[in-house]
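Structure first, commentary second.
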Amino acid sequence: MKLSGAQIIWEVVSREGVDTIFGYPGGAILPAYDALLDYPIHHVLVRHEQGAAHMADGYARASGNVGVCVATSGPGATNLVTGLANAHMDSSPVVAITGQVATPLIGKDAFQETDVTGVTLPVTKHNYLVTRTEDIVPTLREAFYIARSGRPGPVLVDITKDAQTGQAEFEWSDEPVSLPGYRPDLRPVSEEFRRAADLINAAERPLILAGHGVIMSAATSQVVELAEKASVPTSLTLLGLGGFPPRHPLCLGMMGMHGEAWVNTAIQRADLLIALGMRFDDRVTGNLSTYAPTAKKIHCEIDPAELNKNVRVDVGLVGDLRATLETLLPLLAKSERTDWLRYIDGLKGDSAVRDIQKLPDDGHLYTAHVINDVCRATGGQAVVATDVGQHQMWAAQYYKHESPRTLITSGGLGTMGFALPAAMGAKFARKDAEVWVIAGDGGFQMTAAELSTCAQENLNINIAIINNGYLGMVRQWQEFFYDRRYSATPIHSPDFVKLAEAHGLRGLRVESRADVEESFEAARNHEGTVVIDYRVEQEDSVYPMVPSGNDLDKMIRRPQSNPIYETADD
Amino acid sequence: MNGHDPLRRRHVFVVHAEDRPGVLDRVASLFRRRSYNIESLTVGRTDQPGVSRMTIVIEGDDTTARLMEANLYKLVNVLHVENLTYKPAVVRDLALIKVKATAEVRAQVLQVTDVFRARVVDIGPEALIVEITGTEDKIQGLIEVLEPYGILELVRTGAVAMTRSAEEVADRPDFIAARFPESAA
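Protein chains in written order, with the numbering used here: chain A, 1 to 570; chain B, 1 to 185.
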């Protein structure tokens, strides 16, 4: 059967199980958009291509399937770059399809021509330029395969306009894709399992560091089994949240710069770190030269290039985490480790309460109130997409994610403006789920144009804007490290209620804690997108904090009497 | 800052990659992105159609070399990576040196050339071109000896390398990058 290149694109995309794509049309992708009308694929018209890339990313993270975004050549494609870099840093499976000028025009600086494969080379897992219609099927199949296999990541396929308009025989085969230079199926050798098991069995003060890999490999029950069998307390990276049940007695919570004080202290005292699908990011380790000085390290990781990149490890187990743990678990002895668990409990004190009850009763609204209340109201079951900054850290601290793929946040790249489009993508992937955006007033304004997309798609999501009138995290750094010189951090915002209403959406404003619960009622009972402007305390800071490059256990604490911090090994 | 790090040394890699547009760009971009200090990079075809072979020399410690190997493997178009640093291998550089040699000193220059087993490939009234193949040290030695006569132009190819063993390059990479030999100690 002869089909046009444009038709072939959608034949492949729909066979890859994609039902929703995010994009923006334009000259060089016109043939593909024309053919799209004849395929049962829902296209979401974004307001800026960055939004398309983030939506595909959010779709991928919420579902575990590949997310697809589409853009035209030139500016359309370059607008995707931030979203691709974001997906790349957080290992999110995304396929980006971009139109390119016709083959004879390449290199001639044609209208809307950009070297897109060149521009996106360092921010994609792989990319392709397709100039021949008959190459579209194998290339797109490879793209989906590479995006989802091994350590997932974004793959861009740039397709010239003449390849889209040309005709080729369409044949589909379910044969697995074979790439001679691509090996996503690495497995550790048995001797390494033995060494890892010996280290774990011999350890007195072991600690699990669970990251994004736990979620991507669907290894939660194996990690829980490891923790329970060997009595290993478990801490999580930002992207690992949701990968381990938060109310489990061995769950310590988040590590790192704004992690729990007792977690960071425990890391520095441990004699063995078992790192599972995480990459020792600088926000997690603090000063590398003093990081976990007494601990041996086992690193279970799918990407061999992560081993020994930041932290020197003693045993590396390269491979899919779930498969690795399934082999490792039978080798482990059952242990109690009562002393170590008691020591950590001592550090932890009444941690579960945290400092929320210690916030001044001055009638002001604090972010912690809002997020704690959202968590309670949704039972920790909602899909929460956060932006980047203070609210993101508070959300990580106070929203207890009960299941994997429910926290969607920009961890590696730290992309402001991510939350709204990512939440929209997540909603398309999980139509039955309650989806919340938690964003700051700064980041929200970066991609607020997508409110119009919410309205057009009649999307049912709840948007909590944590509005403190500042670029809060930068302000916090200025307060701590720049003598409170607030350079370019006070930010003016539009009337978010009116902004929502201008888009035909519901808008609410909340200024005191007493009204928080009521705002949830209103939001959750409303069919459609609701924007809630939470006017929170302006100069609140996130505690504890490990200043960048500091030793992990040298944390700045909230400057007020607080029994929690005092118990954390002061 | 200027102290010599004893762990740093030259690492010689042989990389087989698909012979496609942009592959060299991907390799070069990797070095730039990860801040690897590259000394030389040579590329050429092989006896296998569609496969090109690169010899890459970097300076760094063993951990850097292992990370570079693992990162090279992450490139989809890279088929095989071999670190020859600790293997018996032949490493060769080729240089063309145009040296000033008028009639008075020509005999001396030719004699030096002979001692180094280099070849004279062009002679003019004022200058001649010497071609030398060998290790970096040998080439450096010849350059130093020829310098007093006046070197007018110099070009070096960068290293090419091959293991001494008779084994063929495995068609499936065994991914030594995935294993962890050096940390066992």
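We treat Cβ as the ideally placed atom computed from N, Cα and C, and that holds for glycine.
Against chain A, the CB of valine 14 (chain B) has no partner CB under 8 Å away; the residue lies outside that interface. Of all residues in the region 40 to 74 of chain B, only Thr63, Arg66, Leu67, Ala70, Asn71, Tyr73, Lys74 come within less than 8 Å of chain A when Cβ atoms are compared, listed by chain position. Annotated three-state conformation of tryptophan 436 (chain A) is strand, per DSSP. With 16 or more other CB atoms across the displayed protein chains lying within 10 angstroms of its CB, valine 531 (chain A) is buried. Rounded to whole angstroms, the separation of the alpha carbons of valine 76 (chain B) and serine 52 (chain B) is 14 Å. The continuous alpha helix (DSSP H) containing isoleucine 267 (chain A) extends over residues 261 to 269.
DSSP places aspartate 303 (chain A) outside both helix and strand once states are collapsed to three, so it counts as coil.
Between asparagine 77 (chain B) and chain A, the shortest Cβ-Cβ separation is below 8 Å. Between alanine 161 (chain B) and valine 43 (chain B) a beta carbon distance of about 13 Å is seen, past the 8 Å cut, so the two are scored as non-contacting. Across the region 280 to 312 of chain A, CB contacts with chain B closer than 9 Å involve Asp303, Pro304, Ala305, Glu306, Leu307, Asn308, Lys309, Arg312, in sequence order along the chain.
In the pairwise beta carbon analysis, the region 374 to 394 of chain A is classified as touching the region 402 to 417 of chain A: at least three pairs are separated by under 8 Å. Taking 8 Å as the cut-off, the Cβ atoms of leucine 186 (chain A) and valine 318 (chain A) count as close. Taking C-beta atoms as the reference points, proline 152 (chain A) and alanine 70 (chain B) fail to come closer than 8 Å. Within 8 Å of the CB of aspartate 25 (chain B), the CB atoms of chain A belong to Gly118, Leu121, in sequence order along the chain. Distance from the CA of arginine 32 (chain B) to the CA of isoleucine 97 (chain A), rounded to the nearest whole angstrom, comes to 27 Å. Taken through DSSP and simplified to helix, strand or coil, methionine 254 (chain A) comes out as strand.
Excluding residues up to 5 positions away in sequence, Thr163 lie with their Cβ nearer than 6 Å to the Cβ of lysine 87 (chain B) in the same chain. Only residues of its own chain outside the window of five on either side were considered, and among them Arg8, Arg9, Arg10, His11, Asn37, Glu39 have a CB closer than 8 Å to the CB of glutamate 59 (chain B), listed in chain order.
Proximity of chain A to arginine 33 (chain B) at the Cβ level (cut-off 7 Å) is accounted for by Pro122, in chain order.
Contact check for threonine 367 (chain A) and isoleucine 466 (chain A): beta-carbon distance about 5 Å, within the 8 Å limit, so the pair qualifies. A straight line joining the alpha-carbon of glutamate 49 (chain A) with that of glutamine 456 (chain A) spans about 16 Å. The DSSP-derived three-state label of threonine 160 (chain A) is strand. Closest by C-alpha distance to threonine 72 (chain A), out of A:Ala52, A:Arg61, A:Ser63, A:Ile274, is A:Ala52. Glutamate 518 (chain A) and tyrosine 291 (chain A) have their C-alpha atoms roughly 45 Å apart. Against chain B, the CB of histidine 126 (chain A) has a partner CB under 8 Å away; the residue lies at that interface. It is roughly 34 Å from the alpha-carbon of leucine 250 (chain A) to the alpha-carbon of threonine 63 (chain B). Check the Cα spacing between aspartate 57 (chain A) and each of A:Leu273, A:Ile21, A:His43: the tightest is with A:Ile21. Just so you know, the alpha carbons of valine 123 (chain A) and histidine 88 (chain A) end up roughly 6 Å apart. Under the 8 Å criterion on CB atoms, glutamate 82 (chain B) is classed as non-interfacial with respect to chain A.
The Cβ neighbour count for tryptophan 340 (chain A), taken over all protein chains shown within 10 Å, is at least 16; the residue is labelled buried. By the Cβ rule, the region 159 to 171 of chain A counts as touching the region 21 to 34 of chain A, because three or more pairs are nearer than 8 Å. Minimum Cα-Cα distance from tyrosine 399 (chain A) among the listed residues A:Leu471, A:Gly443, A:Gly253 corresponds to A:Gly253. Excluding the 5 residues flanking it on each side, asparagine 127 (chain A) has same chain C-beta neighbours closer than 6 Å at Thr117, Thr120, Leu156, in chain order. Beyond the five residues adjoining it in sequence on each side, asparagine 372 (chain A) comes within less than 6 Å, by CB distance, of Ile356, Tyr398 in the same chain, given in chain order. For asparagine 308 (chain A), there are no CB contacts under 6 Å within the same chain when 5 residues up- and downstream are skipped.
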